[in-house]
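Peer 1:
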Amino acid sequence: MSGLAVLVVGSGGREHALVRSLAKSVSVSSVHASPGNAGTAILGTNHNVSVNDINGIVLLAKNLDIDLVVVGPEGPLVNGLSDRLNDQGIACFGPNSIGAKLEGSKLYAKEIMKSLKIPTAGLIVIENIERIDEALDTFSPPWVVKRDVLAGGKGVIVTDIRLDAYCALKEGIETDDFVLLEEFLQGEEASVLVVMDESGYVCLPASQDHKRLLDGDRGPNTGGMGAYAPAPIYTPAVEQRTISEIIEPMHHFLRNQDVPYRGCLYVGLMINSSGAPSVVEYNVRFGDPETQVTLPLISSDLGELLMACAKGRIANYNFTTYSRSSATVVLASEGYPEKSITGRKIFGTDTNIDEGEIYAFVHHAGTSISDSGELLSNGGRVLAVTGIAPNLITAIDAAYEVIRSVELEGSHYRNDIGHRGL
Ligand code: AMP
Ligand code: GLY
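Everything in the sequence shown is counted per our numbering, starting at 6 for the first residue and increasing by one.
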C-alpha cells in the first residue's frame with residue numbers, strides 16, 4: 006500500500022515541525038505545505054495558496070489528491086476549512102467551525118466551561134463604559150483585559166495600573182461593543198496538547214511556553230518566545246486533576262457534538278501553588294512554539310496519529326514517546342511584536358548538532374527565499390531552534406549553541422528559556 010499524501014496548511018515554526026515529523030513518518034509518502042516557508046520547502050513541496058483562501062486550499066487538496074490535510078493555524082478552522090474538506094470527502098486534522106469556536110470566541114469557551122464546571126478564571130462582560138469602574142472594583146489587581154477576537158495571543162492586557170486597564174476596557178467597548186475583564190489567576194502556566202476524536206484522546210507531553218518578550222517574563226505578550234518539555238510543574242498529581250476536572254468533561258462534551266471534534270485541543274493551564282489547575286484558554290490547534298518541543302518527543306508515527314484522529318479512530322492508535330527533554334528558543338525580528346522589520350538576510354541556519362542522543366536543529370518560521378536564492382526574514386518570529394537531549398539542561402544548551410551561530414541583523418531572543426524547569 007502506498008503512503009499518505011499530506012498537506013500542511015500554514016507557514017510558521019509549528020508547520021515546519023509538523024512537516025518535519027510527517028516527512029519522517031513511515032506512513033507518509035509525500036508532504037506538501039501551503040504556503041509553507043523556506044524550511045518546509047526543503048522537506049516537502051510548497052504551494053502558494055494563502056491560509057485564508059478556503060476555496061483555494063480545498064482545490065489544492067483535490068488537485069494534489071491529498072489523503073490528509075493538517076491545519077496549523079486557527080483562522081482557517083474558525084472559517085470552516087475543515088467543514089469544507091469533509092464535505093468533499095477529504096480527511097482533515099482540525100475541528101469543524103463549531104468546534105473551533107472554543108478558540109474563536111473566548112466568551113463561548115467560558116460559557117461551555119461554566120456549563121461543564123471546568124475550573125477557570127471569573128469573568129465580567131462589560132458593554133457600557135459607565136460600568137467599567139464598578140467592574141474594576143470587583144477584582145483585585147492585576148487586571149486581565151481581553152477582546153473577544155482572534156489576536157494570536159497578543160490581544161490580552163495584564164496590568165496593575167488601573168488607568169491602563171480602564172483605557173483598554175474603554176477601547177475594547179468602542180471597537181467591539183463589549184469587552185472581557187477576567188480574574189487574575191496566580192500560578193505557573195503549562196500547555197497540554199490533547200489530540201482527540203470521538204473514540205478517545207492522547208495527551209502529548211506537557212510543555213511550558215514563554216509568552217513575554219523579555220528575559221524574566223517581562224515586556225509585552227507575544228505569540229511565544231520559546232518553550233520546553235516535559236514541564237515539571239505538570240506533576241503526576243496535577244496531570245490526574247487536569248484529566249479528571251478539565252480534559253474528561255471537555256472530551257465528553259466534544260465527542261457528543263453532531264460533528265465530533267477531531268484535532269488538537271490545546272489546553273492552556275494555570276497551576277496554582279497547591280497544584281490546582283485552571284484553564285486560561287483553549288486553542289483548537291497545536292501551539293507555536295509548543296509543537297517544536299513536543300513533536301520530537303513522540304516516538305510513534307505522527308502521520309498515523311493525525312490520520313487516525315481525522316477518521317475518528319484514535320482509540321486504536323498506540324501512542325508512544327521518548328523519555329527525553331526538549332527546548333526551543335525563538336529568534337525574533339527587530340521590532341517584534343509591535344512592528345517587525347522583515348526582508349533581511351539570514352545566515353547560519355544550516356548549523357546543527359547531531360551527537361546521537363543530543364541533537365539540535367533550526368525550525369524555520371517567518372522565512373522566505375528571494376528570487377536570487379537568499380534566505381530572508383519574512384515575519385516576526387523568524388526561527389525556532391530546538392535542542393533534544395536526555396535532560397533539560399543539555400537540551401537548552403544545545404538549542405543556545407545552535408542559535409548563537411545564526412546571524413540576522415537586529416534579531417533578538419530570550420536567554421532564559423527553560424529556567425523554570427531547571
Ligand atoms: P490568552 O490569549 O487568553 O491565552 O492569554 C495570553 C496570556 O495572558 C496567557 O498565556 C497568560 O500568560 C496571560 N493571561 C491570560 N488570562 C489570564 C488570567 N486570567 N490570569 C493570569 N494570566 C492570564
Ligand atoms: N504559544 C501559544 C499559542 O500557540 O497559542
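Backbone N, C-alpha and C fix where the C-beta goes; we use that ideal spot for every residue, glycine too.
Here the structure is a predicted model, which means the values were calculated and not measured.
Considering Cα atoms alone, identify which of Asp222, Glu188, Gly268 is closest to Val199.
Peer 2: As a working mapping, residue 199 is identified with position 194 in the sequence shown. Taking only the C-alpha atoms, the option nearest Val199 is Gly268.
Peer 1: Is Arg19 near Asp293, with beta carbons less than 8 Å apart?
Peer 2: Your numbering for residue 19 matches position 14 in the sequence shown. Your numbering for residue 293 matches position 288 in the sequence shown. Yes, Cβ-Cβ distance for Arg19 and Asp293 is below 8 Å.
Peer 1: Leaving out five residues on either side along the sequence, give the residues of the same chain with a beta carbon under 7 Å from the beta carbon of Lys151.
Peer 2: The residue given as residue 151 occupies position 146 in the sequence shown. Within the same chain, Cβ atoms closer than 7 Å to the Cβ of Lys151 are found at Lys111, Gly160, Val161, Leu185, Glu187, the five residues on either side in sequence being excluded.
Peer 1: Distance, Cα to Cα, Glu468 vs His256?
Peer 2: Nothing about residue 468 can be reported from this structure: the residues present for the chain run from 6 to 427 only.
Peer 1: Do Ala365 and the ligand AMP come close, with the Cβ less than 7 Å from some heavy atom?
Peer 2: Against the sequence shown, residue 365 aligns to sequence position 360. No, since every heavy atom of the ligand AMP falls outside the 7 Å radius drawn around the Cβ of Ala365.
Peer 1: What are the partner residues of Lys151, as DSSP defines its beta bridges?
Peer 2: As a first step, residue 151 is located in the sequence shown; it is residue number 146 there, counting from the start. In DSSP, Lys151 forms a bridge with Val161, Leu185.
Peer 1: At a threshold of 7 Å, does Ala195 count as lining the ligand AMP (C-beta to nearest heavy atom)?
Peer 2: The residue given as residue 195 occupies position 190 in the sequence shown. Checking the Cβ of Ala195 against the ligand AMP gives no.
Peer 1: List in chain order: all unbroken alpha helix (DSSP H) runs of 4+ residues lying wholly within the region 345 to 419.
Peer 2: Here the runs fully enclosed are 397 to 408.
Peer 1: What number of angstroms, rounded off, separates the C-alpha of Leu65 from the C-alpha of Leu12?
Peer 2: If you number the sequence shown from 1, residue 65 lands on position 60. If you number the sequence shown from 1, residue 12 lands on position 7. When rounded, the distance between both Cα atoms is 9 Å.
Peer 1: With C-beta atoms as the reference, is Ala372 less than 8 Å away from Val407?
Peer 2: Indexing the sequence shown from 1 puts residue 372 at position 367. Indexing the sequence shown from 1 puts residue 407 at position 402. At residue 372 the sequence reads Thr, which differs from the Ala that was named. Taking 8 Å as the cut-off, the beta carbon of Thr372 is found no closer than this to the beta carbon of Val407.
Peer 1: Would you call the region 367 to 387 and the region 38 to 57 in contact, with 3 or more CB pairs under 8 Å?
Peer 2: yes
Peer 1: Apart from the five residues on each side of it in sequence, which residues of its chain come closer than 7 Å, Cβ to Cβ, to Thr164?
Peer 2: Stepping through the sequence shown from its first residue, residue 164 is reached at position 159. Taken in chain order, the residues that qualify are Pro147, Trp148, Ala170.
Peer 1: Figure out for me which residue from Leu259, Gln213, Asp181, Arg349 has the closest Cα to the Cα of Leu380.
Peer 2: As a working note, residue 380 is residue 375 in the sequence shown. When only C-alpha atoms are compared, the closest one is Arg349.
Peer 1: Flag Lys216 as yes when its Cβ comes closer than 7 Å to any non-hydrogen atom of the ligand AMP, and as no otherwise.
Peer 2: Along the sequence shown, read from residue 1 onward, the residue named residue 216 stands at position 211. Yes, the ligand AMP has a heavy atom inside 7 Å of this Cβ.
Peer 1: Assuming Val63 and Val14 are in contact, meaning their beta carbons sit under 8 Å apart, how far apart are those beta carbons, in whole angstroms?
Peer 2: Within the sequence shown, the letter at position 58 stands for residue 63. Within the sequence shown, the letter at position 9 stands for residue 14. Incorrect: roughly 11 Å between the Cβ atoms, too far for contact.
Peer 1: Taking contact to mean at least 3 C-beta pairs separated by less than 8 Å, is the region 286 to 301 in contact with the region 204 to 217?
Peer 2: A contact exists between the region 286 to 301 and the region 204 to 217.
Peer 1: So Tyr341 and Arg409 are in contact, right, with Cβ under 8 Å, and what is the actual spacing, rounded?
Peer 2: In the sequence shown, the residue the question calls residue 341 occupies position 336. In the sequence shown, the residue the question calls residue 409 occupies position 404. The pair is not a contact, with the Cβ atoms about 19 Å apart (cut-off 8 Å).
Peer 1: Thinking Ala400 and Ala332 are a contact (beta carbons under 8 Å), I'd like their distance in whole angstroms, please.
Peer 2: Taking the first residue of the sequence shown as position 1, residue 400 is located at position 395. Taking the first residue of the sequence shown as position 1, residue 332 is located at position 327. Contact flag correct, Cβ pair sits at about 5 Å.
Peer 1: Could you check whether Ala10 and Asp92 sit closer than 8 Å to each other, using their CB atoms as the reference points?
Peer 2: The count along the sequence shown starts at 1 and reaches residue 92 at position 87. The count along the sequence shown starts at 1 and reaches residue 10 at position 5. Going by C-beta atoms, Asp92 is not nearer than 8 Å to Ala10.
Peer 1: Using only the alpha-carbon positions, how far apart do Gly273 and Thr227 sit?
Peer 2: Indexing the sequence shown from 1 puts residue 273 at position 268. Indexing the sequence shown from 1 puts residue 227 at position 222. So the alpha carbons of these two residues sit roughly 15 Å apart.
Peer 1: What residues are listed by DSSP as bridge partners for Phe144?
Peer 2: Reading the sequence shown from its first residue, position 139 is the one you call residue 144. Note: Phe144 sits in no beta bridge, so no partner.
Peer 1: Per DSSP, which residues does Met275 bridge with? Please list them.
Peer 2: Indexing the sequence shown from 1 puts residue 275 at position 270. For Met275, which the question treats as bridged, DSSP gives the partners Glu194, Ser283.
Peer 1: Among Asp88, Ile95, Asn396, which one has its Cα closest to the Cα of Leu102?
Peer 2: Reading the sequence shown from its first residue, position 97 is the one you call residue 102. A quick correction: the sequence has Ser, not Leu, at residue 102. Proximity to Ser102 across Asp88, Ile95, Asn396 peaks at Asp88, based on C-alpha coordinates.
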